[in-house]
Amino acid sequence: MSTKNHLDIQNLTMAYGDNIIQENLDFRVAHGEIFIIMGGSGCGKSTLLRHLIGLMQPYKGKILIGGVDLWESSQDERNQLISRCGVLYQGGALWSSMTLAENIEVPLKEYTNLNAKQISEVISYKLSLVGLAGFEDYYPSEISGGMQKRAGLARAMALDPDILFFDEPSAGLDPISSRLLDDLIMQLRDSLGSTVVIVTHELASIFAVGDNSIFLDTESKTIIARGAPIELLKNCQDARVRKFLTRES
10 MSTKNHLDIQ NLTMAYGDNI IQENLDFRVA HGEIFIIMGG SGCGKSTLLR
60 HLIGLMQPYK GKILIGGVDL WESSQDERNQ LISRCGVLYQ GGALWSSMTL
110 AENIEVPLKE YTNLNAKQIS EVISYKLSLV GLAGFEDYYP SEISGGMQKR
160 AGLARAMALD PDILFFDEPS AGLDPISSRL LDDLIMQLRD SLGSTVVIVT
210 HELASIFAVG DNSIFLDTES KTIIARGAPI ELLKNCQDAR VRKFLTRES
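In this note's numbering, the protein residues as written are 10 to 258.
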């Protein structure tokens, strides 16, 4: 892609009916960046994620992926754009009745023309990338929460996406598993060159992996801070942002 920015959000307003969730959102995500969307509970972080992956249409504004407007494209073009995105939902969102291999197989069968042998090779490779080599025949209930997240990540990477989206990836994990997942996210970004967008309120993850960020405010319903999380911690004078980043009461 020729454009410097992988994602370009312009004057975005999100709403449920007449209820405005966030408005006048303008931000850009560069290629290869780990970008954090943060803010307090109920500020609209996950709603913004649903907009970015094409599940919700903006009330107003534009979402450009690689310079192409997601909602002014044809349905075929939109599907192509979305197919270049991988999503790790909260909890991994694995189908419990399917093995890990069968979970990863779903997008490969749906969106590629690979034969059974090729699909099996891709599945094994993706599982090995997340440290789950040999776990093809395990069911989600047979592995730990941290392993379920990694299996969900393997499925998110099934189609070699340009952009990986994470919705609260550390939710429900112990500190050690959370740090291991953070390390894995950075390793995958560095080795695959993917752009990463993470919705989270976990401070350890925000400071460990975030190259850039925006802070969504519930009261003003817009972005009130942006920049590298560690720089916001050092320099941001807004009390709401400082309270969030320091967890001060």
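Don't be surprised by glycine CBs; every beta carbon is placed ideally from N, CA and C.
Excluding the 5 residues preceding and the 5 following residue i in the sequence, name in chain order all residues of the same chain whose CB lies nearer than 7 Å to its CB.
i, result
"Glu177", "Gln99, Val208, Thr209"
"Tyr147", "Thr108, Leu109"
"Tyr68", "Thr22, Met23, Ala24"
"Asp247", "Ile233, Ala234"
Taking Cβ to Cβ, would you say residue i is nearer than 8 Å to residue j?
i, j, result
"Ile18", "Ala24", "no"
"Ala261", "Leu103", "Outside the shown range of the chain (10 to 258) lies residue 261, about which nothing can therefore be said."
"Val205", "Ile194", "yes"
"Ile43", "Ile62", "no"
"Leu168", "Ile46", "no"
"Glu145", "Ile132", "yes"
"Leu138", "Leu197", "yes"
"Ile172", "Cys94", "yes"
"Gly51", "Thr227", "yes"
"Leu79", "Ile72", "yes"
"Leu241", "Ser229", "no"
Use the C-beta contact count for residue i: other C-beta atoms within 10 angstroms, 16 or more gives buried, fewer gives exposed.
i, result
"Asn88", "exposed"
"Asn28", "exposed"
"Glu81", "exposed"
"Val115", "exposed"
"Gln66", "exposed"
"Gln157", "buried"
"Ile113", "buried"
"Ala234", "buried"
"Thr259", "The shown model of the chain, from 10 to 258, leaves out residue 259, and the question about it has no answer."
"Lys243", "exposed"
"Gly202", "exposed"
"Lys126", "exposed"
"Lys252", "exposed"
"Leu117", "buried"
"Pro149", "buried"
"Ile74", "buried"
"Pro184", "exposed"
"Leu97", "buried"
"Gly48", "buried"
"Ser105", "exposed"
"Gly26", "exposed"
Suppose the cutoff is 6 Å on Cβ atoms and the five residues either side in sequence are ignored; what does the same chain contact list for residue i look like?
i, result
"Gly70", "Gln19, Asn20, Leu21, Thr22"
"Ala213", "none"
"Glu211", "Ser179"
"Ala217", "Asp191"
Just checking my contact of residue i with residue j at CB under 8 Å: how many whole Å lie between their CB atoms?
i, j, result
"Gly155", "Leu109", "No, Gly155 and Leu109 are not in contact; Cβ-Cβ is about 14 Å, not under 8 Å."
"His60", "His40", "Rounded, the Cβ-Cβ distance is 20 Å, inconsistent with contact."
"Ala165", "Leu136", "Not a contact, Cβ separation roughly 12 Å."
Return the chain-ordered list of same chain residues with a C-beta closer than 8 Å to the C-beta of residue i, the five sequence neighbours on each side being excluded.
i, result
"Arg256", "Leu212"
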